[in-house]
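Position 200 of the sequence shown, counting from 1, maps to 199 under numbering that gives the first Met the number 0, and the rest follow consecutively.
Ideal Cβ positions, reconstructed from N, Cα and C, are used throughout, including at glycine.
Just so we're clear, the structure is a prediction, and the values are computed from it rather than from any experiment.
One structure below.
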Amino acid sequence: MPWSRPSNLPVGQVWSRFRGRERNGVPGTMYQIRDMELSDRKRCLDMMEGTFLRDEPLSQILDIQSDLVSVSTIRSNWERYAEQGICLACYTEEDGVPRELVGCNILVVKSADDEEGDIDNVSGETWRKLLRTLVTAEGFVDVFEHYGVDRYLTSSGLAVVPPHRGQNIGAQIINARRYPKGGTMIRKPGSDDGIPEKTRAIIECIREAICKAFGFDATATVFTARSSQVLAAKCGYQQLAVLPYEDMLQHGIDLTGCATPSAVLMGRQYNVHPAPDAQ
């Protein structure tokens, strides 16, 4: 049965507040990451359609924005995922109040008994090519079996508007999905993973909050861009499988010239306390 958010954990939670980087002596902007509200869902999906589909490497090389049927199908998928009630949105913050929407993440809970659709029946030729690439990468590892779980958290895209990039928003959102074993991230003395210590302290809290709330023991996502692959590794994700894009030629999908050479299935397992009952 598809997962749904427990009724005793209603949408509206703020998972993180953090300050962005100082620039030219000007203090960084305050941000907050919170549940995507129904009232902001259209704006979030507009951002995904306009920003994510423009910048994501496979969408670029396949020119997916020119295929209106594919765009419509993808948006319908995002709408369905958002119904689970676990997507995230990031806003600038003033006096504790969310102001400007600057980022969002389409999160999805996959369950072992979810029905798998037939790719050949999916609407949109370009989306079928992109989807087959993602499914091929996912097919190298059975995430459920690998982590010994019957559900796990994944993502269908993350977008941050250009004026607010470089503020650790992506790292904050990715880390908001998970809670590491024991509640801490082990780092070698003197190591530099690009995430400031102050930001890291905030990350530890939101990992614990989200994963204890929903009881997810694993997360896994196919990262299609080099930048997101590097960011996920910095956030503790481990590489599970690699799909060189040139290998998709055997499936009749030519991704020659893609800015990133391969898709990487990455995941993380962690222990959490039992979550409230969810359907």
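Quick one: what does DSSP say MET184 is sitting in, helix, strand or coil? Within the sequence shown, numbered from 1, the residue matching residue 184 stands at position 185. Its pLDDT being 28, under 50, MET184 is placed unreliably by the model, and the measurement read from it follows with that caveat. Three-state result, MET184: coil.
Whose C-alpha, out of LEU100, LEU57, VAL107 and PRO243, is nearest the C-alpha of TYR80? The residue labelled residue 80 in the question sits at position 81 within the sequence shown. That would be VAL107, whose Cα lies nearest to the Cα of TYR80.
I believe MET287 touches CYS86 by the beta-carbon criterion, under 8 Å. Please report the beta-carbon distance rounded to the nearest angstrom. Residue 287 is absent from the model: the chain starts at 0 and stops at 278.
Give me, in chain order, the residues of the same chain whose beta-carbon lies closer than 8 Å to that of GLU124; leave out the 5 immediate sequence neighbours on both sides. If you number the sequence shown from 1, residue 124 lands on position 125. Take GLU124, set aside five residues on each side of it, and the residues of its chain with a beta-carbon closer than 8 Å to its own are ASP66, VAL68 and SER69, in chain order.
Buried/exposed call for ASN104, threshold 16 Cβ in 10 Å: In the sequence shown, counting from the first residue as 1, residue 104 sits at position 105. Classification of ASN104: buried, given that the 10 Å Cβ count is 16 or more.
Does DSSP put SER38 in a helix, in a strand, or in coil? Numbered from 1 along the sequence shown, position 39 holds the residue referred to as residue 38. Here SER38 sits in helix by DSSP.
Is the region 256-264 in contact with the region 219-233, if contact means three or more CB pairs nearer than 8 Å? Contact holds: three or more Cβ-Cβ distances are below 8 Å.
Check: GLY84 C-beta below 7 Å from any heavy atom of the ligand NAP: In the structure on display, the ligand NAP does not appear, and there are no ligands present to speak of.
Sequence-distant residues of its chain with Cβ nearer than 8 Å to GLU93 (five each side left out): Indexing the sequence shown from 1 puts residue 93 at position 94. Only MET29 meet the Cβ criterion.
Who are the Cβ neighbours of GLN59 in its own chain at under 8 Å, not counting the five residues just before and after it? Here residue 59 corresponds to residue number 60 of the sequence shown, with the count starting at 1. Excluding five sequence positions before and after GLN59, the CB atoms of its chain that fall closer than 8 Å to its own CB belong to ARG53, CYS257 and ALA258, given in chain order.
Rank VAL96, TYR90 and ALA217 by C-alpha distance to the C-alpha of GLY147 and give the top, closest one. Position 148 of the sequence shown holds residue 147. The residue with the shortest Cα to Cα distance from GLY147 is ALA217.
Given this structure, state the Cα-to-Cα distance separating ASN270 from LYS109, to the nearest angstrom. Your numbering for residue 270 matches position 271 in the sequence shown. Your numbering for residue 109 matches position 110 in the sequence shown. Using only the alpha carbons, I get a separation of about 18 Å.
Residues in the same chain with beta-carbon distance under 8 Å from LEU130, minus the five sequence neighbours each way, listed in chain order, please. Counted from its first residue, the sequence shown places residue 130 at position 131. The answer, listed in chain order, is ILE118 and VAL121.
Alpha carbon to alpha carbon, what distance is there between ASP113 and PRO97? Looking up residue 97 in the sequence shown gives position 98. Looking up residue 113 in the sequence shown gives position 114. If I take the Cα positions, the gap works out to 35 Å.
Return helix, strand or coil for ILE202, following the three-state DSSP convention. Your numbering for residue 202 matches position 203 in the sequence shown. Any answer about ILE202 is weak, because its pLDDT of 39 lies below 50 and its placement is not dependable; what the coordinates show is given next. Helix, per DSSP.
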